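See below for the structure under consideration.
Numbering (the numbering used here), first residue to last: 957 to 1169.
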């Protein structure tokens, strides 16, 4: 990588702040849209039941096997009542991180605020498929598809351990990608490598274009 490419690469802090802004925007939109369909009272009752079971276990009134069995069933019911949240998050993530970002030259609102954007690493034209591959990994689209499938088709035990495993993998991927962006010369995470993309600074690119002209 030459010095010009290194100067164009977005800083880790810029990418982190853009990510946080985008996550907050999606979370707010999901909460707003899902509110009319979310069984708040039902979830609160299940949470209360879960707390009672935990208290019984802490007081040694039930063993760990009984605690896990009852807790898994309750968590599964909470997940089924919260399925609408996963559905809205999946749909909005696809619209925002794939469609919106594609038609806005590799920028989300968070990236626009931080003056960075996604481009192809080989300088070819960014495609919607590139953003799909990228978002499946870093924007929880894949994990939400899996969790929704588990909620709909799996038993409570399969859902609980399956969701636990896939969420652990997702967190690991995000952490590994963060370290790759911070410490690798290319400043590219796993999602960038899979999609053959990188994130650059818009202001630097504009300055270089002005100098070249």
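C-beta atoms are modelled at their ideal positions from N, C-alpha and C, and glycine is treated no differently.
Fair warning: this is a prediction, and the values are worked out from it, not measured in the lab.
Where does residue 1167 fall in DSSP's three states?
At residue 1167 the pLDDT is 47, less than 50, meaning the model places this residue with poor confidence; the figure from the coordinates comes in the next sentence. Helix, per DSSP.
For the region 1037-1084, list the alpha helix (DSSP H) runs that are entirely contained and at least 4 residues long, ordered along the chain.
For the region 1037-1084, whole alpha helix (DSSP H) runs of length 4 or above, ordered along the chain, are 1039-1049, 1065-1070.
Do residue 1074 and residue 1066 have their beta-carbon atoms positioned less than 8 Å apart in this structure?
Going by C-beta atoms, residue 1066 is not nearer than 8 Å to residue 1074.
So, helix, strand or coil for residue 1012, using DSSP?
Note: residue 1012 maps to helix in three-state DSSP.
Determine, using beta-carbon pairs with one atom in the region 1146-1157 and one in the region 1090-1103, whether at least three such pairs fall under 8 Å.
Counting Cβ pairs under 8 Å, three or more are found: they touch.
Can you give the Cα-Cα distance for residue 1164 and residue 1080, rounded to whole angstroms?
Because residue 1164 carries a pLDDT of 47, less than 50, the predicted location of this residue cannot be relied on, and the following value inherits that uncertainty. Cα to Cα, the separation comes out at about 18 Å.
For residue 1030, tell me which candidate among 1128, 1107, 1127, 1145 has the shortest Cα-Cα distance.
Per the Cα distances, 1107.
When the Cα of residue 1028 is compared with those of 1120, 1135, 1095, which residue comes out closest?
Out of 1120, 1135, 1095, 1120 has the C-alpha closest to the C-alpha of residue 1028.
Spatial neighbours of residue 1045 within its chain, please: CB distance less than 6 Å, with the 5 preceding and 5 following residues excluded, ordered by chain position.
So the list reads 986, 1100, once near-sequence residues are dropped.
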